[in-house]
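Working notes for the structure below.
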Amino acid sequence: MFSRLASDAEMEKRRADEFEPGPASPLKPVDRFGFVKQDQNNSLEAKNRPTNEVEREERRIRKWRKMIGVGGSDWKHYVRRKPHVVRRRIRKGIPDCLRGLVWQLISGSRGLLLMNPGVYEQLVIYETSASELDIIRDISRTFPSHVFFQQRHGPGQRSLYNVLKAYSVYDRDVGYVQGMGFLAGLLLLYMSEEDAFWLLVALLKGAVHAPMEGLYQVGLPLVQQYLFQFEQLVKEHLPKLGQHFSEEMINPSMYASGSDISVTKRFMTPGPPFVWHVLGTGVKIVFQVGLALLTVCQNNLLKLAFEKLIHALRNFPEEALDPEKLLPLAFSIKVFVTYSISF
Amino acid sequence: MASAVENKVKNAKLVLLGDVGTGKSSIVLRFVKGQFVEFQESTIGAAFFSQTLAVNDETVKFEIWDTAGQERYHSLAPMYYRGAAAAIIVYDVTNAATFTRAKKWVQELQAQGNINTVMALAGNKADLVEARQVTAEEAQAYAQENGLFFMETSAKTAINVNDVFYEIAKRFLQAQAQQQQNTNGMILTDRAANRTTSSSSCCS
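Just so you know, the protein sequences line up as chains V and W, in that order.
Per the UniProt record's numbering, residue 1 is the first one in the first sequence, and the count goes up by one each step.
Per the UniProt record's numbering, residue 1 is the first one in the second sequence, and the count goes up by one each step.
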């Protein structure tokens with residue numbers, strides 16, 4: 001139903017058309033992550049990166065390659081021998097070209113893949129899912145501004161469909177939930193379909209770390225829990241801001257819900273993505289980054305009333321999102337999540 | 001500091017509810033930015049927008065919560081519709097199931113929401129004449145029975161989109177005036193309140 005051709009009426013809306021996916025716009029400039037640039041001057045990271053930065057990146061990649069070994073063969077050994085080095089390097093960010101592999105190693109999904117040969121193929125080809133139509137309906141609405149997912153029935157959309165369908169069969173209780181597409185889509189930018197599928201399984205079912213399927217289960221228990229916990233943490237760590245929020249009747253559901261996605265999307269652009277941090281240290285890092293962001297922007301936020309406040313909380317300034325500054329601050333915040341939710 | 005003009009701006013919290021892919025976000029995008037995108041990114045959680053609208057000499061500022069449509073996100077909905085002054089319940093005229101879902105939303109709001117909430121039923125995608133599954137008459141009858149006002153809209157062609165918001169703003173201001181009247185214990189004849197406007201207008 002989304003395949004209707006553009007009508008004359010919308011043709012005149014040329015700005016809207018700039019976001020129009022499809023073969024009509026193959027030459028739109030994209031950022032380094034493959035998103036079509038939304039005109040404007042969001043080009044903080046664009047431009048040409050200075051050569052010293054490029055060299056630094058190359059040095060880091062060499063170190064990482066050594067640490068991982070061929071196809072990940074040295075990873076376990078290295079982690080056991082020098083856990084602090086691994087930790088430090090991860091905090092600095094995994095080089096873009098190695099993220100796919102490293103995520104698989106950390107999450108334990110590599111192990112799942114090797115233990116279950118042929119299972120993914122079985123799920124994709126031979127099983128049917130009750131969610132097939134729901135998935136199809138959402139496919140063109142997942143990262144519509146990304147080059148890989150723009151083309152109707154193109155390789156990006158096909159892979160996305162396969163992974164989501166396979167998961168909805170693999171876990172019929174959870175099935176398909178809107179939002180999974182963005183997570184699966186992010187993974188597909190870094191790895192093959194089958195790898196992405198098993199990483200999704202590892203994340204949601206908890207191969208090594210605590211399962212996150214509660215983000216998508218009926219009632220969204222984990223979302224509710226995180227929102228509650230974060231509200232408590234703000235009150236505790238930033239009492240002034242917490243007070244201001246309650247006076248303005250702001251709660252995390254207004255700025256942080258669906259944050260698994262919006263944060264993922266945001267953090268994809270500025271450096272070390274969030275998914276991996278969740279893999280490495282649990283949800284704590286999400287709270288820490290959230291608190292760090294609020295800390296950085298606190299003075300400004302305290303001045304704002306309801307509407308502007310929500311807007312500010314949903315659109316943090318580019319400077320505040322600079323991972324080089326934000327992450328050290330985030331790691332320095334001591335978070336003990338002991339609050340339990342009481343309904 | 002606030003000038004006389006600013007005093008007249010009334011804030012109204014408005015929530016959009018409805019099934020997946022009915023065009024909630026597209027309606028908001030059309031109203032707030034005058035744009036339409038064929039492939040609107042699915043809404044996860046909820047999105048927030050604001051837009052002001054002038055009605056006669058008063059101004060209404062809508063604080064709009066655009067919610068996720070999938071049933072799984074239902075448990076988050078109360079956070080957004082709680083205390084809302086207005087709600088637009090959206091269905092897709094080309095998909096009968098979404099009309100059924102819209103009725104469920106109406107029931108839920110009636111059961112839990114504020115009785116003063118101005119409710120609108122919007123049959124979106126009215127431009128897709130050939131694929132229609134829900135007639136305007138059927139929806140109109142339902143709306144009348146349940147005290148909602150009804151319009152068929154098209155976020156794509158912009159038909160009736162602004163009108164829905166304008167009608168809500170009008171009714172919201174009327175209700176406010178009424179409330180003020182009641183609390184003041186004074187009888188003020190209000191031209192707007194006397195006019196029983198025929199609330200529906202459908203596109204052909």
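The beta carbon of each residue, even a glycine, is placed where N, CA and C say it ideally should be.
Taken through DSSP and simplified to helix, strand or coil, S154 of chain W comes out as coil. Taking all protein chains shown into account, N160 of chain W has 16 or more neighbouring C-beta atoms within 10 Å of its C-beta and is therefore buried.
Counting of Cβ neighbours within 10 angstroms places P155 of chain V among the exposed residues, the total staying below 16. Beta bridge pairing from DSSP links H146 of chain V with V:F35. With respect to V234 of chain V, K284 of chain V sits apart: the two C-beta atoms are not nearer than 8 Å. Within the model, the alpha-carbon separation for V86 of chain V versus S73 of chain V is close to 15 Å. Y91 of chain W is bridged by DSSP to W:G123.
Residue environment: V177 of chain V is assigned as buried (16 or more neighbouring CB atoms within 10 Å of its CB, all protein chains considered). In chain order, R72, Y73, S75, L76 make up the part of chain W whose C-beta sits under 8 Å from the C-beta of L220 of chain V.
At least one CB atom of chain V sits nearer than 8 Å to the CB of S42 of chain W. With respect to the C-alpha of V55 of chain W, the residue from W:Y80, W:V90, W:K170 having the closest C-alpha is W:K170. For the 8 Å CB-CB criterion, K8 of chain W and T59 of chain W form a contact. A84 of chain W is positioned such that its CB atom lies no closer than 8 Å to that of N124 of chain W. Bounds of any beta strand (DSSP E) do not take in N162 of chain V; it lies within the alpha helix (DSSP H) bounded by 155–170. Assignment of A207 of chain V by DSSP, reduced to helix, strand and coil, places it in the coil class.
Counting only the Cα atoms, H237 of chain V lies some 45 Å from L133 of chain V.
In the structure shown, A12 of chain W adopts extended strand secondary structure according to DSSP, grouped into three states. In the three-state reduction of the DSSP assignment, Q107 of chain W falls in the helix class, which pools H, G and I. From the beta-carbon of V177 of chain V, the residues of chain W found nearer than 7 Å are Q70, R72. Under the Cβ criterion of 8 Å, F172 of chain W is not counted among the residues facing chain V. For F150 of chain W, not one C-beta of chain V is nearer than 8 Å to its own C-beta.
Chain V has a Cβ within less than 8 Å of the Cβ of S50 of chain W. Within chain V, not a single residue places a beta-carbon under 7 Å from that of F62 of chain W; the smallest gap is close to 10 Å. Contact annotation: in the segment 125–153 of chain V, residues whose CB is within less than 9 Å of a CB in chain W are D134, R137, D138, S140, R141, T142, F143, P144, S145, Q150. At least 8 Å separates the CB of V134 of chain W from every CB of chain V.
DSSP places A86 of chain W in the strand class (E or B) of the three-state scheme. Cα atoms of I89 of chain W and F31 of chain W: separation of roughly 15 Å, rounded to the nearest angstrom.
The DSSP-derived three-state label of Q122 of chain V is helix.
In this structure the segment 205–215 of chain V does not touch the segment 152–169 of chain V; the number of beta carbon pairs closer than 8 Å is below three. Residue-level contact by beta carbon fails for Y167 of chain V and chain W, as no gap is shorter than 8 Å.
The three-state secondary structure of A320 of chain V, taken from DSSP, is helix.
For D19 of chain W, the secondary structure class from DSSP, reduced to helix, strand or coil, is coil.
Neighbourhood of V20 of chain W in chain V, by CB distance below 9 Å: D134, R137, D138, Q178, in chain order. Neighbours of M254 of chain V in chain W, taken as residues whose beta carbon is under 9 Å from its own, are A46, F48, W65, M79, Y80 in chain order. Where K66 of chain V is concerned, the enclosing alpha helix (DSSP H) starts and stops at 51–68. Between L301 of chain V and L241 of chain V, the CB-CB gap stays under 8 Å.
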